[in-house]
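Mapping the sequence shown onto the numbering used here, position 164 (from 1) lands on 164, and the numbers just tick up by one.
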Amino acid sequence: MPAASERVSIRSKAVGDAAVSGVFVFGAAASVELSKQISPVLGLSQGGAGLALTILLLVGLAPVCDRLGGALFNPANSAMMLAVANGSLREHFIRSVAQALGGVVGLLAATALLPTAWTTELASMAVGLRPGVGLLAGAACEFTLGALLSFVVLWSGQLKNGVLRLWVPLLATVVAVKAGADTSGPSLNPAFTFAFVFLYPLQTPLEHLIVYWVAPIAAAAFGGLAFRGYQQLCAEREKRQATTRQRQSRRKED
1 MPAASERVSI
11 RSKAVGDAAV
21 SGVFVFGAAA
31 SVELSKQISP
41 VLGLSQGGAG
51 LALTILLLVG
61 LAPVCDRLGG
71 ALFNPANSAM
81 MLAVANGSLR
91 EHFIRSVAQA
101 LGGVVGLLAA
111 TALLPTAWTT
121 ELASMAVGLR
131 PGVGLLAGAA
141 CEFTLGALLS
151 FVVLWSGQLK
161 NGVLRLWVPL
171 LATVVAVKAG
181 ADTSGPSLNP
191 AFTFAFVFLY
201 PLQTPLEHLI
211 VYWVAPIAAA
221 AFGGLAFRGY
231 QQLCAEREKR
241 QATTRQRQSR
251 RKED
């Protein structure tokens with residue numbers, strides 16, 4: 001009986017992941033043209049306007065994901081959760097597949113429903129490594145930024161202030177995107193990249209696999225393990241401090 005209920009739970013999580021992944025990719029596709037239209041109004045570059053729209057999309061999806069029981073739209077986040085012992089390997093594998101498929105469906109919906117003028121530049125989202133950047137350099141960029149971002153996301157989850165819990169990861173994402181803009185994009189989200197490469201194959205299979213799947217997922221797992229190590233160090237430090245306080249208290253009593 002528990003196994004059956006677990007299957008239902010995993011299935012419902014996978015459906016939720018696929019849904020929010022589709023919405024995220026659809027919104028990202030729409031923001032390509034929308035950023036061009038609002039950038040003069042906001043006084044930002046098209047890239048800056050696009051980043052602002054992405055942040056608004058992430059903020060809007062946050063309560064939706066919460067209502068769906070913690071829905072994810074990034075396989076790297078699934079790897080991060082697995083690294084901190086939140087869920088099983090089977091669960092997160094199924095959810096990652098659902099996220100990738102949901103992203104593809106979201107992009108197909110965008111190409112079908114958005115005005116044609118809004119879809120002419122979507123292929124630019126499938127561009128991989130920037131000119132002159134090698135495979136290892138791109139993978140190193142995705143790994144470094146992904147590991148740091150995963151650690152920050154997990155660390156911010158411990159904050160008591162709800163506003164900070166929301167905005168610290170978002171601001172960290174902005175910094176990561178800026179830092180890797182001239183190297184690998186960066187993507188930091190395998191499902192997102194897969195959706196665009198599925199429709200616009202502008203990356204080699206090896207580049208897509210190593211830079212935009214292996215590196216981000218390995219980075220997220222590393223960031224999760226590093227955070228677990230950090231938690232253990234903090235727990236040991238608190239234990240030592242408590243022991244010291246007890247000894248000092250006993251000495252005063254004596």
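Heads up, the beta-carbon is just placed ideally off N, CA and C, and yes, glycines get one too.
Quick check on residue i: does DSSP put it in helix, strand or coil?
| i | result |
| --- | --- |
| Phe198 | helix |
| Asn86 | coil |
| Gln203 | coil |
| Pro186 | coil |
| Thr120 | coil |
| Pro40 | helix |
| Pro115 | coil |
| Phe227 | helix |
| Leu170 | helix |
| Gly70 | coil |
| Ser78 | helix |
| Ser12 | helix |
| Ala30 | helix |
| Ser45 | coil |
| Ala18 | helix |
CB residue i to CB residue j, shorter than 7 Å?
| i | j | result |
| --- | --- | --- |
| Pro262 | Leu188 | No statement about residue 262 is possible, as the shown extent of the chain runs from 1 to 254 and does not include it. |
| Ser21 | Gly102 | yes |
| Arg90 | Lys13 | no |
| Asp307 | Gln99 | Missing from the structure shown is residue 307; the chain here goes from 1 to 254 and no further. |
Can you tell me the Cα-Cα spacing of residue i and residue j, whole angstroms?
| i | j | result |
| --- | --- | --- |
| Gln231 | Ser150 | 14 Å |
| Ser35 | Phe24 | 16 Å |
| Thr116 | Ala29 | 12 Å |
| Thr243 | Met80 | 33 Å |
| Leu202 | Glu236 | 49 Å |
| Gly185 | Gly60 | 23 Å |
| Ala85 | Val41 | 46 Å |
| Gln158 | Thr120 | 42 Å |
| Cys234 | Gln241 | 10 Å |
| Pro131 | Lys178 | 17 Å |
| Gly87 | Gly229 | 18 Å |
Does residue i have its Cβ less than 7 Å from a Cβ in chain D?
| i | result |
| --- | --- |
| Cys234 | Going by chain labels, chain D is absent from the structure shown, which holds only one protein chain. |
(message) If we require 4 or more residues per run, which alpha helix (DSSP H) segments fall completely within the segment 128-164?
(response) 135-156
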